[in-house]
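Worksheet: the structure to be examined is printed underneath.
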Amino acid sequence: MAPEHDPTLKRTTRARDDYQELRPLFVRMAGLDEDDPERRALREELICGHLPLAEHIAFRYVGKGIAKDDLVQVASVGLIHAIDRFDPSLGKDFLAFAVPTVMGEVRRHFRDTAWPMRVPRRLQELRIALNNAGAALSHTLGRPPTEAELAEHLGVTEAEVAEGVQAQQAFRAVSLDRPFHTDTGGTMAETIGDEDLALRLVDDHEALVPLLRRLPEREQRILMLRFFGEKTQAQIGEEVGLSQMHVSRLLKSTLDELRRNLSADAS
Numbered sequence: 000m001a002p003e004h005d006p007t008l009k010r011t012t013r014a015r016d017d018y019q020e021l022r023p024l025f026v027r028m029a030g031l032d033e034d035d036p037e038r039r040a041l042r043e044e045l046i047c048g049h050l051p052l053a054e055h056i057a058f059r060y061v062g063k064g065i066a067k068d069d070l071v072q073v074a075s076v077g078l079i080h081a082i083d084r085f086d087p088s089l090g091k092d093f094l095a096f097a098v099p100t101v102m103g104e105v106r107r108h109f110r111d112t113a114w115p116m117r118v119p120r121r122l123q124e125l126r127i128a129l130n131n132a133g134a135a136l137s138h139t140l141g142r143p144p145t146e147a148e149l150a151e152h153l154g155v156t157e158a159e160v161a162e163g164v165q166a167q168q169a170f171r172a173v174s175l176d177r178p179f180h181t182d183t184g185g186t187m188a189e190t191i192g193d194e195d196l197a198l199r200l201v202d203d204h205e206a207l208v209p210l211l212r213r214l215p216e217r218e219q220r221i222l223m224l225r226f227f228g229e230k231t232q233a234q235i236g237e238e239v240g241l242s243q244m245h246v247s248r249l250l251k252s253t254l255d256e257l258r259r260n261l262s263a264d265a266s
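Numbering follows numbering that gives the first Met the number 0, with no gaps: position 68 of the sequence shown is 67.
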């Protein structure tokens, strides 16, 4: 947008008298060396004097996903750039130079940080072009344009248009706590699968079954009574006719053998 047609510039016209008294400071600053203390003091005075302009521009973008304080800070950085680059010898009004400079800084900040998912700059710019083209063509055609019409209007391929449309979905993130269905009250997070730790047990079970079948019948029975019957070693000894110590030694040797065989199979 040209500076003379910028609505922000028009709204600041009524406040030009407040800024005109600062214009001589630009002339004085331009005639001083970079390391001159007076130049630094004049620069600070110009920055402080024009801060209301930066704040006014920042407030235009409040409510669009970036905190107000951050917007004011970014706009202030743009104001500083404008003050450092302004050349009063060209005879132009500082506001006409500062407004597009500050707005450009704020827009770049949105372009670079407002996307919750990092998207290439080419696609960010394509998204903006698609929005503008869509609005213009909808007004002309009286209906939403097709991807082919958008591609012809922008001079790009339909594949690029599809890519830009897909990139639009990354501009605004949806909270996982958002209700997925108004009737059930479930959230988006509840529809996302998670790792099932029990699947590891399936692998271990399938690897262990043939090893258990190769054990002697007595050892199989001892394992069954201990881990499925939940019997003590003394109770197992009474059932199989062995001492508790013998049962303990058999359990240990059997489990050690199973572990070795499982490790060998895994490697």
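Glycine included, each C-beta is placed from N, C-alpha and C at the ideal position. Fair warning: this is a prediction, and the values are worked out from it, not measured in the lab.
Please name the residue or residues paired with residue i in a DSSP beta bridge.
{"i": "P178", "result": "T186"}
Alpha carbon to alpha carbon, how far is residue j from residue i? Give it in angstroms, no decimals.
{"i": "E194", "j": "V208", "result": "24 Å"}
{"i": "M102", "j": "S75", "result": "10 Å"}
{"i": "V246", "j": "P178", "result": "57 Å"}
{"i": "L24", "j": "P99", "result": "21 Å"}
{"i": "H138", "j": "A150", "result": "17 Å"}
{"i": "P144", "j": "G133", "result": "6 Å"}
{"i": "H108", "j": "A135", "result": "26 Å"}
{"i": "Y279", "j": "V71", "result": "What is shown of the chain runs 0 to 266, which leaves residue 279 out entirely."}
{"i": "Q234", "j": "G240", "result": "10 Å"}
{"i": "Q232", "j": "E238", "result": "10 Å"}
{"i": "E124", "j": "D34", "result": "40 Å"}
{"i": "L89", "j": "F96", "result": "11 Å"}
{"i": "R38", "j": "G30", "result": "9 Å"}
{"i": "E162", "j": "L21", "result": "49 Å"}
{"i": "L202", "j": "G236", "result": "In the sequence as presented, Leu is not what sits at residue 202; that position holds Asp. In a straight line, the C-alpha of D202 is about 32 Å away from that of G236."}
{"i": "R248", "j": "L198", "result": "32 Å"}
{"i": "Q165", "j": "G154", "result": "18 Å"}
{"i": "L52", "j": "T156", "result": "42 Å"}
{"i": "E205", "j": "E256", "result": "17 Å"}
{"i": "S252", "j": "R258", "result": "10 Å"}
{"i": "P215", "j": "L200", "result": "24 Å"}
{"i": "R213", "j": "T186", "result": "49 Å"}
{"i": "F58", "j": "E104", "result": "14 Å"}
{"i": "I221", "j": "L210", "result": "15 Å"}
{"i": "D86", "j": "I191", "result": "58 Å"}
{"i": "L94", "j": "H49", "result": "9 Å"}
{"i": "V73", "j": "S262", "result": "60 Å"}
{"i": "H55", "j": "R126", "result": "27 Å"}
{"i": "L129", "j": "V160", "result": "8 Å"}
{"i": "H152", "j": "A158", "result": "14 Å"}
{"i": "P36", "j": "D83", "result": "16 Å"}
{"i": "E148", "j": "D32", "result": "56 Å"}
For residue i and chain B, any beta-carbon pair shorter than 8 Å?
{"i": "K67", "result": "The structure shown contains no chain B; it holds only a single protein chain."}
What did DSSP end up calling residue i once you bin it into helix, strand or coil?
{"i": "S252", "result": "helix"}
{"i": "S137", "result": "helix"}
{"i": "D268", "result": "As shown, the chain starts at 0 and ends at 266. That puts residue 268 outside it, with no answer to give."}
{"i": "V105", "result": "helix"}
{"i": "L125", "result": "helix"}
{"i": "T145", "result": "coil"}
{"i": "G62", "result": "coil"}
{"i": "E162", "result": "helix"}
{"i": "P99", "result": "helix"}
{"i": "S242", "result": "coil"}
{"i": "P87", "result": "helix"}
Quick one: give me the first and last residue of the alpha helix (DSSP H) that residue i is part of.
{"i": "I191", "result": "Taken as a continuous stretch (DSSP letters only), I191 belongs to no alpha helix (DSSP H), as it is neither H nor E."}
{"i": "V155", "result": "Careful: V155 lies outside any alpha helix (DSSP H) and carries neither H nor E."}
{"i": "V239", "result": "232-239"}
{"i": "L210", "result": "197-212"}
{"i": "A81", "result": "67-84"}
{"i": "G48", "result": "36-58"}
{"i": "E218", "result": "216-226"}
{"i": "P23", "result": "22-29"}
Is the region 42-50 touching the region 69-83 in the sense that three or more CB pairs, one from each, lie closer than 8 Å? yes
I'd like to know if the region 26-33 and the region 65-75 are in contact, where contact means that at least 3 CB-CB pairs between them fall below 8 Å. no
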